[in-house]
Amino acid sequence: MIDRGGINITVTAIFNNCFYIGCKSDHMDEAAVKRAQEHFGKLLKKQMERIDRMRSSGGQTDLSKTDKIIIGVCGGDGIGPYICASARLVMEHLLADRIKSGNIEVRTIDGLTIERRVEVMKAIPDDTLEELKKCHLILKGPTTTPKKGDPWPNIESANVAMRKELDLFANVRPVKVPELGVDWIFFRENTEGSYALGSDGIDVNDDLAIDFCVATAQGTERIIRMGFEHAKRTGLNYVSLVTKANVVKTTDGKFLSTAEKVAKDYPEVRWDDWFIDIMTAKLIDPYRRSDFKVMVLPNLYGDILTDEAAQIQGGVGTAGSANLGTRYSMFEAIHGSAPRMVTEGRAQYADPSSMIKAVAMMLSHMGETEKAKKLEMALDVCCQFERRKIMTGRSNGATGDEFAEYVMETIARPDLERVWNDHVSEAMASRSK
Ligand code: IPM
Ligand code: MG
10 MIDRGGINIT VTAIFNNCFY IGCKSDHMDE AAVKRAQEHF GKLLKKQMER
60 IDRMRSSGGQ TDLSKTDKII IGVCGGDGIG PYICASARLV MEHLLADRIK
110 SGNIEVRTID GLTIERRVEV MKAIPDDTLE ELKKCHLILK GPTTTPKKGD
160 PWPNIESANV AMRKELDLFA NVRPVKVPEL GVDWIFFREN TEGSYALGSD
210 GIDVNDDLAI DFCVATAQGT ERIIRMGFEH AKRTGLNYVS LVTKANVVKT
260 TDGKFLSTAE KVAKDYPEVR WDDWFIDIMT AKLIDPYRRS DFKVMVLPNL
310 YGDILTDEAA QIQGGVGTAG SANLGTRYSM FEAIHGSAPR MVTEGRAQYA
360 DPSSMIKAVA MMLSHMGETE KAKKLEMALD VCCQFERRKI MTGRSNGATG
410 DEFAEYVMET IARPDLERVW NDHVSEAMAS RSK
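One point on numbering: in the numbering used here, the residue at position 144 of the sequence shown is 153, and numbering is uninterrupted.
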């Protein structure tokens, strides 16, 4: 008996031990799952609140009826303050009358630097955000976006945070290469997709990491409608919608089904849908790419495709970007802050043309169509055609401020339009040869 009891006890002990181990791991996973569920629940609540805000958001601010337009200038990090300052010279030159009359105020907004953001451990420090919210328009230099393993803590991107905080839902990026017949405009969704919760994924346990992708009826509709409106207003009458809805079935599926619905309101606009992989290929297909005009796409695909498109135009340094919402708008370059140029002492030679292009987009957004057109023509002449001052990124090229001067001189040329037209016709002719 005693033996049996002993055996019994031993068996029980072994059983208990196994049970304990099994139970322990089950127990641990259960806790991890519960934590993840709670985290997910909070994210859902925040997204529902965001939907409520989108539902009740007011209409577009009419800048032509605003007594005093406030433009905030945020230099950002790395080469940001340098190229932003050069672009500001051009902006202040073109808006000199309105600045003088007090109809426009240009403000410097400090505090969006990586050092300050790390100091307060926030994507945008509260006081900086408060200052930004007092502006109508923002000209923003590139900011450092840390990733795991960088010397900086892995805080959220200031760009992404600003787009979300100010509800800048449309990221509009034009790309033009006349000699290739390329004249594209991308409408990238800017507040949802894989970016919306990019800093809110879950490490469920050491083995399992989950990120989230967001699509809402309101968020997808407003960007798609903007693309269709543009196609209709400009007479381009053609929209290409880009997703991966055959694989990412729920969120990309919603993007696509929303487009099907919105398209019904624009019978004059032809539209088609593409998958991101084949569209990436088509942009470098010389026989096909000039057919595309207006492209509408979710956040991450828009990020990637617009870098590719900008490269075709001459590099990411040549493209500007408008981040539009109903209350605020922000204009920026599409590239990063190139910190190496600063550490190598070359920041003053960084090419400001992307930021100057962003200024042109700002002018056009505020209704200064003539000035915007002149600036765009001058940029084409300076960057693509005449190239009297060349940016090399080094001391054998022009500085950003010298380039800005060159652009301003070109704007002042009485023959600008003719010169630009001649260059464009020449470029087109060389294409058809
Ligand atoms: C852009 C940039 C940003 C983005 C980075 C800096 C967060 O690449 O504006 O395209 O990914 O949106
Ligand atoms: Mg990008």
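Yeah, the Cβ is synthetic: ideal placement off N, Cα and C, and Gly gets one too.
Predicted model only: the values in this text are computed from it and were never measured.
* Asked: Roughly how many angstroms lie between the CA atoms of Pro134 and Thr259, to the nearest whole one?
  -> Here the question's residue 134 lines up with position 125 in the sequence shown. Here the question's residue 259 lines up with position 250 in the sequence shown. One C-alpha to the other measures close to 34 Å.
* Asked: Any idea what DSSP makes of Asp294, helix, strand or coil?
  -> Translated into positions along the sequence shown, residue 294 becomes position 285. Coil at Asp294, not helix or strand.
* Out of Arg97, Lys263 and Gly207, point me to the one whose CA is closest to Val115's CA. => Against the sequence shown, residue 115 aligns to sequence position 106. It is Arg97.
* **Lys143 - DSSP class collapsed to helix/strand/coil** => Taking the sequence shown and counting its residues from 1, one reaches residue 143 at position 134. Three-state DSSP puts Lys143 in coil, outside helix and strand.
* Collapsed DSSP secondary structure at Pro183 in the structure displayed -> As a working mapping, residue 183 is identified with position 174 in the sequence shown. Pro183: strand per DSSP, three-state reduction.
* **Neighbour-count burial assignment, Glu58, 16 or more Cβ in a 10 Å radius** => Counted from its first residue, the sequence shown places residue 58 at position 49. Residue burial is scored here from C-beta neighbours: Glu58 has fewer than 16 other C-beta atoms within 10 angstroms and is therefore classed as exposed.
* With a cut-off of 7 Å, give the chain-ordered residues whose Cβ is closer than this to any heavy atom of the ligand MG. => Asp312, Thr315, Asp316 and Ile343
* Asked: Expressed to the nearest angstrom, what Euclidean distance is found between the alpha-carbon atoms of Ser73 and Gly354?
  -> The residue given as residue 73 occupies position 64 in the sequence shown. The residue given as residue 354 occupies position 345 in the sequence shown. Rounded to the nearest angstrom, the two C-alpha atoms are 42 Å apart.
* Do Thr122 and the ligand IPM come close, with the Cβ less than 7 Å from some heavy atom? -> For the purposes of this step, residue 122 is taken as residue 113 along the sequence shown, with counting starting at 1. It does not: the Cβ of Thr122 is nowhere closer than 7 Å to a heavy atom of the ligand IPM.
* Asked: Quick one: is the Cβ of Ser166 within less than 7 Å of any heavy atom of the ligand IPM?
  -> Residue numbering aside, residue 166 sits at position 157 when the sequence shown is read from its first letter. Ser166 Cβ: within cutoff of the ligand IPM.
* To do: Could you have a look at Thr243 and say whether DSSP puts it in helix, strand or coil?
  => Translated into the one-based positions of the sequence shown, residue 243 becomes position 234. Three-state result, Thr243: helix.
* Asked: What are the complete beta strand (DSSP E) segments, minimum 3 residues, inside the region 29 to 112?
  -> Listed in chain order, they are 78 to 83.
* Decide yes or no for the touch test of the region 344 to 358 against the region 373 to 393: beta carbon pairs closer than 8 Å, at least 3 of them. => no
* Asked: Looking only at its own chain, which residues have a Cβ that is under 7 Å from the Cβ of Val380, when we skip the five neighbours before and after it?
  -> Sequence index remark: in the sequence shown, residue 380 carries index 371 (1-based). For clarity, residue 380 is Lys in the given sequence; the question names Val instead. Excluding residues within five positions, the ones whose Cβ falls inside 7 Å are Leu103 and Leu372.
* **Per DSSP, the bridge partner or partners of Val223** => Along the sequence shown, one-based indexing puts residue 223 at 214. In the DSSP output, where bridge partners are listed per residue, Val223 has Gly202.
* **Identity of the residues DSSP links to Ser338 by a beta bridge** => Counted from its first residue, the sequence shown places residue 338 at position 329. Leu146 and Leu333, per the DSSP bridge assignment.
* Asked: Tell me which same chain residues have a C-beta within less than 8 Å of the C-beta of Gln322, skipping the five on either side of it?
  -> Along the sequence shown, one-based indexing puts residue 322 at 313. If we look at Gln322 and ignore the five residues flanking it on each side, its Cβ neighbours are Val184, Lys185, Val186, Val191 and Ala328.
* To do: Within the same chain, show all residues whose beta-carbon is closer than 8 Å to that of Pro423, passing over the 5 residues directly before and after it, in chain order.
  => Counted from its first residue, the sequence shown places residue 423 at position 414. Contacts found: none.
* Asked: Of all the alpha helix (DSSP H) runs that stay within the bounds of the region 299 to 326, which reach a length of 4 or more residues?
  -> 308 to 322
* Asked: Glu426 to Thr408, Cα distance in whole Å?
  -> One-based indexing of the sequence shown puts residue 426 at position 417. One-based indexing of the sequence shown puts residue 408 at position 399. For Glu426 and Thr408, the distance between alpha carbons rounds to 26 Å.
* On a CA-only basis, which of His239, Ser434, Asn332 and Arg279 is nearest Met171? Give me that one, please. => The residue labelled residue 171 in the question sits at position 162 within the sequence shown. It is Asn332.
* To do: Might you give, ordered along the chain, the residues of its own chain that have their beta carbon closer than 6 Å to the beta carbon of Gly87, omitting 5 neighbours on each side?
  => Indexing the sequence shown from 1 puts residue 87 at position 78. Taking Gly87 as the centre and dropping the five residues before and after it, the same chain places the C-beta of Ser346, Ala347, Pro348 and Val351 closer than 6 Å to its C-beta, in chain order.
* Can you give me the start and stop residues for the alpha helix (DSSP H) that Phe264 sits inside? => Numbered from 1 along the sequence shown, position 255 holds the residue referred to as residue 264. Annotation for Phe264: the continuous alpha helix (DSSP H) segment containing it runs Thr260 to Ala272.
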